[in-house]
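To start, the structure under review is shown below, and the notes come after it.
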Amino acid sequence: MSAPRGGIDLGGTKIQAIVVDSSYGVLGDARHPTPQEGGPPEVASAMAAALTEAAKQAGIETAALAGVGIGSPGEIEAKAGIVSRAKNLPDWGGSFPLGPRLADALGTRVAVGNDVSVATMAEAELGAGRRHDSVLGVFWGTGVGGGIVLGGELWHGRGSAGEIGHMVVKRGGAKCPCGNEGCMEAYAGRAAMEAEARRRVKHGHKTSLFKLMNEHDRPRLTSGIWERALKHGDGMAEDLIDRAIKALGAGIASAVNLLDPEIVVLGGGLGVRFGESLGPRIEERIGLHLFDHEHPPEFAVAELGDLGGAIGASLLVAQA
8 MSAPRGGIDL GGTKIQAIVV DSSYGVLGDA RHPTPQEGGP PEVASAMAAA
58 LTEAAKQAGI ETAALAGVGI GSPGEIEAKA GIVSRAKNLP DWGGSFPLGP
108 RLADALGTRV AVGNDVSVAT MAEAELGAGR RHDSVLGVFW GTGVGGGIVL
158 GGELWHGRGS AGEIGHMVVK RGGAKCPCGN EGCMEAYAGR AAMEAEARRR
208 VKHGHKTSLF KLMNEHDRPR LTSGIWERAL KHGDGMAEDL IDRAIKALGA
258 GIASAVNLLD PEIVVLGGGL GVRFGESLGP RIEERIGLHL FDHEHPPEFA
308 VAELGDLGGA IGASLLVAQA
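Just so we're aligned, residue 8 is where the sequence shown starts under our numbering, counting upward by one.
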């Protein structure tokens with residue numbers, strides 16, 4: 008039996024670490040908040056701490072792992088383990104040798120991949136897309152990321168394939184964190200939704216969003232805060248979620264019209280939390296914009312849930 012392996016899903020708000028066996032059963036897991044100060048070195052330290060905690064829970068030293076895979080946002084130089092321009096992470100505008108830094112800290116080999124690509128591959132191999140050869144993964148969270156599996160293989164393009172959050176859904180529209188205007192992420196990304204909520208509050212609009220955020224001691228509007236606000240019937244939350252759903256529908260449909268995948272899998276923090284309640288509305292909006300209305304793709308919520316990104320990262324160890 009092969010040694011257990013680790014997986015780390017690095018997000019804008021949380022670091023999810025797991026240790027899995029050869030069948031990808033979870034032996035230990037830990038979740039830590041993503042540091043908002045200190046830049047890449049502080050984030051790397053928090054990642055090492057989370058994986059060490061997961062390994063301890065699994066009863067194994069990190070050095071005894073077969074390896075650790077990392078799913079990270081930003082531009083990835085996989086062979087060197089370098090992550091660059093991870094704009095949804097604090098002070099990560101440049102390049103940082105994340106793989107080598109964690110290999111030193113954990114005492115085992117480390118493989119680095121794009122966070123959404125590895126999560127999509129996990130769903131294609133082990134989750135909602137496992138019976139399909141072509142999968143479009145859409146991960147709705149701090150930003151909106153995408154992954155593409157064609158013929159059972161991840162499609163990387165020249166290195167930036169799958170950036171579905173930057174499909175333009177409105178010419179000359181809202182400014183996106185990427186610098187362009189009208190991107191899907193500018194309307195549906197959690198960070199952009201929070202920025203818009205703050206802008207509206209400054210202009211006198213009322214909402215319970217930030218009151219709920221403070222009551223629950225959250226530093227930002229997490230998916231849980233959005234859920235509570237919707238349950239309270241908060242008008243601004245309902246409007247911004249509706250705005251996000253319309254953007255998701257248009258952007259995902261455009262990608263479907265280009266790629267014609269067999270299935271669209273919705274994941275990410277917001278996607279998993281709202282998949283059951285809002286998934287049908289997103290699917291309906293996709294349908295409005297399809298070229299081939301007679302043969303829409305299957306639509307499913309990510310089966311691997313919050314651990315999907317970390318499980319996908321652990322797949323990198325076997326691939327390496």
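The beta-carbon is built from N, C-alpha and C at its ideal position, and this holds for glycine as well.
Asked: Output the distance between the C-alpha atoms of residue 124 and residue 153, rounded to the nearest integer angstrom.; Found: 7 Å
Asked: Does the Cβ of residue 173 have 16 or more other Cβ atoms within 10 Å, making it buried, or fewer, making it exposed?; Found: buried
Asked: Residue 233 lies in the beta strand (DSSP E); which residues open and close that run?; Found: From DSSP, residue 233 is part of no beta strand (DSSP E) but of the alpha helix (DSSP H) over 230-238.
Asked: Evaluate the contact criterion for the segment 107-120 versus the segment 40-56: three or more CB pairs, one atom per stretch, below 8 Å.; Found: yes
Asked: Between which two residues does the alpha helix (DSSP H) harbouring residue 106 extend?; Found: 105-113
Asked: Helix, strand or coil for residue 146 per DSSP?; Found: strand
Asked: At which residues does the alpha helix (DSSP H) containing residue 204 begin and terminate?; Found: 197-209
Asked: Tell me whether the beta-carbon of residue 102 lies closer than 8 Å to the beta-carbon of residue 91.; Found: yes
Asked: I'd like the span of the beta strand (DSSP E) that includes residue 34, first residue to last.; Found: 33-40
Asked: In the DSSP assignment, what are the bridge partners of residue 16?; Found: 23 and 78
Asked: Going by C-alpha to C-alpha distance, which of 75, 225, 41 and 86 sits closest to residue 25?; Found: 75
Asked: Do residue 303 and residue 270 have their beta-carbon atoms positioned less than 8 Å apart in this structure?; Found: no
Asked: Whether or not the segment 172-189 and the segment 226-240 are in contact is what I'm after, with contact meaning three or more pairs of Cβ atoms, one per stretch, closer than 8 Å; do they touch?; Found: no
Asked: The beta strand (DSSP E) that contains residue 307, what's its start and end?; Found: 305-308
Asked: Considering only residues of the same chain and omitting the five flanking positions on each side of residue 33, which have a CB-CB separation below 7 Å?; Found: 25, 27 and 314
Asked: Under a Cβ-count criterion, where at least 16 other Cβ atoms within 10 Å of its own Cβ denotes burial, should residue 10 be classed as buried or exposed?; Found: exposed
Asked: Should the segment 255-271 be called in touch with the segment 291-311, which here means at least 3 C-beta pairs below 8 Å?; Found: yes
Asked: In whole angstroms, what is the alpha-carbon distance linking residue 370 and residue 308?; Found: With the chain covering only 8 through 327, there is no way to say anything about residue 370.
Asked: I believe residue 16 touches residue 122 by the beta-carbon criterion, under 8 Å. Please report the beta-carbon distance rounded to the nearest angstrom.; Found: 6 Å
Asked: Suppose contacts are defined by Cβ-Cβ distances below 8 Å. Is residue 183 in contact with residue 170 by that definition?; Found: no
Asked: Would you call the CB atoms of residue 274 and residue 146 closer than 8 Å?; Found: yes
Asked: Going by the beta-carbon positions, is the gap between residue 195 and residue 143 smaller than 8 Å?; Found: no
Asked: In the DSSP assignment, find the unbroken alpha helix (DSSP H) run with residue 125 in it and report its ends.; Found: 122-133
Asked: Please state whether DSSP places residue 83 in a helix, a strand or coil.; Found: strand
Asked: So what's residue 29 in DSSP terms, helix, strand or just coil?; Found: coil
Asked: Please report how far the alpha carbon of residue 310 lies from the alpha carbon of residue 131, in whole angstroms.; Found: 10 Å
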